[in-house]
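Take a look at the structure set out below.
Residue numbers (our numbering), protein chains in the order written: chain P, 5 to 316; chain V, 28 to 486.
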């Protein structure tokens, strides 16, 4: 092996720019890069990292008469002993599972169906994306007042009655609250997921499907052996994002169930945080529950990331 | 412009913009003029744009007040039609973003003091700043004081009774001049009203947004109970009296089906239904009719009011509460005095502001309601206010005579009331939405939670 020593001050690159000038240009570019980065760093620092650190600190404190004291694990003990604590986790887990069955599978299936259409794809994409453009609160009020009205005037109850099926109390029923929230949430949010899946599907080379067809694969086999393996990365990412997002269930109980719903049937962990912080004047307890949630989601994400790396 | 130049300019512009933005949201500007005379204060609870007449009146009052006191500038802030929506209020307190003079319920004293956001104003409160101060009822003042120190000024008070829709009473064949006096009578009347159909609830009740707990407390007072023990350290509703409150509601909801299908109601939900003529009766204060008219486009001619129903006879108590204003910590003496003078003008002077009945009369605002009754009976302010009210009454005062002439002992809301109400919402919503909900289990659960919350609050 030979070693080549280069005198950098005299080196002239291929474009003819002297090295010193190029280094100055690079360093200027670097400065500019940092300057642009400051905005993002400041935004994250102010609106994500600082509140997070502040939340952790507040969870170990208590404020009385404007005086803040350190109280160790008191807030955590109190929160864990709240009769609604485990109900909230159970409800959140139930919502997450239901949302995975409905909210994760449906957009993928819809994307596969849309991908098969040769015409009107744009129209269908706009149609499915339309609910995403509605402000979430408006979409949920639509469900609350028109779809989930517990009387027979409600849209869903009218349909059930027309079909001679038993009607439901929807958000006032302890058993229907969660499925009803999942339906509304899926309708509201699936547009974005469908577009992402469609983009992933359109990147799959057509030759793979042709080869599978030549091998005699039907539609289900093509999905199983071509579509799913080819979109595995995006499916895996969306799975994690969906779980993290559904674990933060909040606006659905707040609007659809006016809070906790019947017998805590709509109480999610995020709503319990809100209830402690803003209705029960217990911001320290709310912070403690927020930290517990952060830890749970952090552990889940780390575990999931590790699992994904191993699989890859 | 080359790319490099463009980048330079963009970087500089971005950095300058960021710097300006950060500077803009740094601190409150100094409202006191260096000369020492000019004072600017911010005050919340300005009516919202949809409350056109109320907003016009408020702005006119601000203008008139500023003419009277040229050195004072009032900056009005609107915080919604419901000036104290508990979550918004808590967020403002936690963030320290409340106005200099800020609206609160009588139940908020503990929360406000705990937040460290209010200042003591004892030394400033006197006849010079509030000419009617000595006439204001002692109970109302007590709700904003602690340990002999004054922290806020009461501006409105109320007590609860039974509001009922006269039209629906007549349609149901009930005597609109003789409303139910006991809960069994309420139940019978509710059945008849609900039988009118068309989605009408004979009796309607809250169960969300802290209002369920608020009404549970009112109905518990009527039974002779109290939500907390005398020392304020333990829940005291998991007993026969608490069970009677929930049993009455459960019977009407499920045995009689007289409360309508829609439950989990919050303050605007019930009042919207009431304004639409879909509610026969509900427990409330006289000013609920004001909200029905000014916020929800109802007609006050439809409504009348009787005393709070008791279980077997007259109610043993009824809930009393109200509202007022606190002063943000750190105000200068001049700012506090300016705030007090504004409150005196707008809220506590017969013939001015909220008591300007001559102005309110043609404006579709109910005049002649028995409350607020802030002034001590017999005082000059009391006499003046009542004379003005009678002279300008635009409602049929007889509709509220039964409530006014049959006073029920008023019991004021307990300390940490909003915390207790939030928890009691759970018991109320369970009973009103699940026919199989156990009253015993729900009261036990709520009682445990309140014990825990009070232990925390009293630490």
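Built from N, CA and C at the ideal position, the CB exists for glycine as well.
The structure presented is a predicted model; accordingly, all values stated were derived computationally and were not measured.
The C-alpha of residue 174 of chain P lies about 22 Å from the C-alpha of residue 278 of chain V.
Residue 291 of chain P is not a Cβ neighbour of residue 52 of chain P, given a cutoff of 8 Å. The C-alpha of residue 222 of chain P lies about 21 Å from the C-alpha of residue 201 of chain P.
In this structure, the beta-carbon distance from residue 149 of chain V to residue 249 of chain V does not fall below 8 Å. Put simply, the CB of residue 252 of chain P is far from chain V, with every gap to its CB atoms at 8 Å or more. Residue 49 of chain P has a beta carbon lying at 8 Å or more from every beta carbon in chain V. C-alpha of residue 369 of chain V to C-alpha of residue 352 of chain V: approximately 11 Å in a straight line.
Residues of chain P whose Cβ lies closer than 7 Å to the Cβ of residue 269 of chain V do not exist; the shortest such Cβ separation is about 17 Å.
Between the beta-carbon of residue 444 of chain V and that of residue 134 of chain V there is about 4 Å, and that keeps the pair under the 8 Å contact cut. Check the Cα spacing between residue 69 of chain P and each of V/137, V/65, V/106, V/71: the tightest is with V/137.
Under the 8 Å criterion on CB atoms, residue 277 of chain V is classed as non-interfacial with respect to chain P.
Counting along the chain, no beta strand (DSSP E) covers residue 243 of chain P; the unbroken alpha helix (DSSP H) around it starts and ends at 236-251. Comparing alpha carbon positions, the residue from V/385, V/90, V/420, V/367 closest to residue 160 of chain V is V/367.
With its beta carbon at least 8 Å from every one in chain P, residue 441 of chain V lies outside the interface. When only Cα atoms are considered, residue 316 of chain V and residue 187 of chain V end up about 12 Å apart. For residue 456 of chain V, the enclosing alpha helix (DSSP H) starts and ends at 444-460. Listed along chain P, the residues sitting closer than 7 Å to residue 288 of chain V by beta-carbon distance are 154, 155. For the segment 159-183 of chain P, the set of residues with a beta-carbon nearer than 8 Å to any beta-carbon of chain V comprises 173, 175, 176, 177, 178, in chain order. Classified as buried, residue 74 of chain V has 16 or more neighbouring CB atoms from the shown chains inside 10 Å of its CB.
Within 9 Å of the CB of residue 67 of chain P, the CB atoms of chain V belong to 141, 142, 143, in sequence order along the chain. About 19 Å separates the beta carbons of residue 293 of chain V and residue 285 of chain P, which is beyond the 8 Å limit, so they are not a contact pair. Ranked by how close their Cα comes to the Cα of residue 308 of chain V, the residues V/84, V/462, V/195 have V/195 in first place. The segment 325-340 of chain V makes contact with the segment 235-255 of chain V, as at least three CB pairs between them are under 8 Å. By the neighbour-count criterion, in which 16 or more other beta carbons inside 10 Å mark a residue as buried, residue 112 of chain P falls on the buried side.
By the rule that beta-carbons nearer than 8 Å mark a contact, residue 125 of chain P does not touch chain V. Annotation: the continuous alpha helix (DSSP H) that includes residue 94 of chain P extends over 89-102. Of the candidates V/81, V/91, V/72, V/69, the residue whose Cα lies closest to the Cα of residue 390 of chain V is V/81.
Comparing alpha-carbon positions, the option among P/40, P/130, P/90, P/44 lying closest to residue 271 of chain P turns out to be P/90. Here residue 440 of chain V carries a coil assignment [DSSP, helix/strand/coil]. Residue environment for residue 126 of chain P: exposed (fewer than 16 other C-beta atoms within 10 angstroms of its C-beta).
For residue 119 of chain V, the enclosing alpha helix (DSSP H) covers residues 113-122. The beta-bridge partner set that DSSP reports for residue 156 of chain V is empty.
Considering only V/468, V/462, V/476, the residue with the shortest C-alpha distance to residue 450 of chain V is V/476. DSSP places residue 135 of chain P in no beta strand (DSSP E) but in the uninterrupted alpha helix (DSSP H) bounded by 125-137. The closest CA to that of residue 225 of chain V, considering only V/288, V/473, V/404, is found on V/288. Residue contact check for residue 287 of chain P against chain V: a CB pair falls below 8 Å.
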